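Protein chains in written order, with the working numbering: chain W, 4 to 116; chain G, 445 to 559.
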Amino acid sequence: GEDVEQSLFLSVREGDSSVINCTYTDSSSTYLYWYKQEPGAGLQLLTYIFSNMDMKQDQRLTVLLNKKDKHLSLRIADTQTGDSAIYFCAERADGGATNKLIFGTGTLLAVQP
Amino acid sequence: GAGVSQSPSNKVTEKGKDVELRCDPISGHTALYWYRQSLGQGLEFLIYFQGNSAPDKSGLPSDRFSAERTGGSVSTLTIQRTQQEDSAVYLCASSLVAGGRSEQFFGPGTRLTVL
Chain W
4 GEDVEQSLFL
14 SVREGDSSVI
24 NCTYTDSSST
34 YLYWYKQEPG
44 AGLQLLTYIF
54 SNMDMKQDQR
64 LTVLLNKKDK
74 HLSLRIADTQ
84 TGDSAIYFCA
94 ERADGGATNK
104 LIFGTGTLLA
114 VQP
Chain G
445 GAGVSQSPSN
455 KVTEKGKDVE
465 LRCDPISGHT
475 ALYWYRQSLG
485 QGLEFLIYFQ
495 GNSAPDKSGL
505 PSDRFSAERT
515 GGSVSTLTIQ
525 RTQQEDSAVY
535 LCASSLVAGG
545 RSEQFFGPGT
555 RLTVL
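Written as structure tokens, this is what we have:
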């Protein structure tokens, strides 16, 4: 079945790097996404990676994909207090035949000044 | 130039009542999605519209839940005979087209509390 798992909580100090991890189960996933949710706000797409890529970098964000292990990670360089939020990974499952997103449980990132 | 909007932002209702939640997608977006975010279940897909039709209703938890979309734009999610376990934040998203890497843009959600 479809299942996406993340660790629940991560605490880092301002200026350090944050790494948020995600594991998924559907090997036919085409796109994998990282969303950010700030308190009282909707989900904001941060970045995505296509399943034939291993890595994608976008400014302070680096996404790594290990298809063999079905593992996705998001690295935030030089983490700022404004990065404090819940981060969700999501997959487009079923080889893209469906357009629904399967979300992970979310990781709460707390950035200490 | 608004994003996805949802109304109401908060809804408190009594068990057994019916509720209607509204979603206004971004103008021109053909695909519309409903998700539910709750403490116990995380973020779950409910239903997806392409135009006015719903090719995927697989996430609707029971027959008390229904949704429609008219004019390829506004969508309404209706929950009949609400139960306490329906309490959650209901999120709507839209995308320009379905499929590919078309980004889903999310609204702020409607927080439903069933007493």
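Ideal placement from N, C-alpha and C gives every residue a C-beta, glycine not left out. Being a predicted model, the structure only gives us computed values, none of them experimental.
In the displayed model, G:D468 falls within a strand according to three-state DSSP.
Within the same chain, T522 come within 6 Å of G:S510 by CB-CB distance, once the 5 residues on both sides are set aside. The Cβ of W:N102 sits closer than 8 Å to at least one Cβ of chain G. The segment 461–473 of chain G makes contact with the segment 530–549 of chain G; the number of CB pairs closer than 8 Å reaches 3 or more.
Chain-order list of chain G residues neighbouring W:A44: P552, by C-beta distance under 7 Å. Taken through DSSP and simplified to helix, strand or coil, W:E94 comes out as strand.
Chain-ordered, the chain G residues with CB closer than 7 Å to the CB of W:L48 read E547.
For G:R480, the enclosing beta strand (DSSP E) has its first and last residue at 475–482. Leaving aside the five residues that flank W:M56 on each side, the residues in its chain whose CB is nearer than 8 Å to its CB run, in chain order, L68. The Cβ atoms of W:I23 and W:S87 do not sit closer than 8 Å to each other. Scanning chain G for C-beta atoms nearer than 7 Å to the C-beta of W:F91 yields L487, reported in chain order. Of all C-beta pairs linking the segment 43–53 of chain W to the segment 551–559 of chain G, three or more are shorter than 8 Å, placing the two stretches in contact. Take the alpha-carbon of W:K73 and the one of W:Y51: they are about 15 Å apart.
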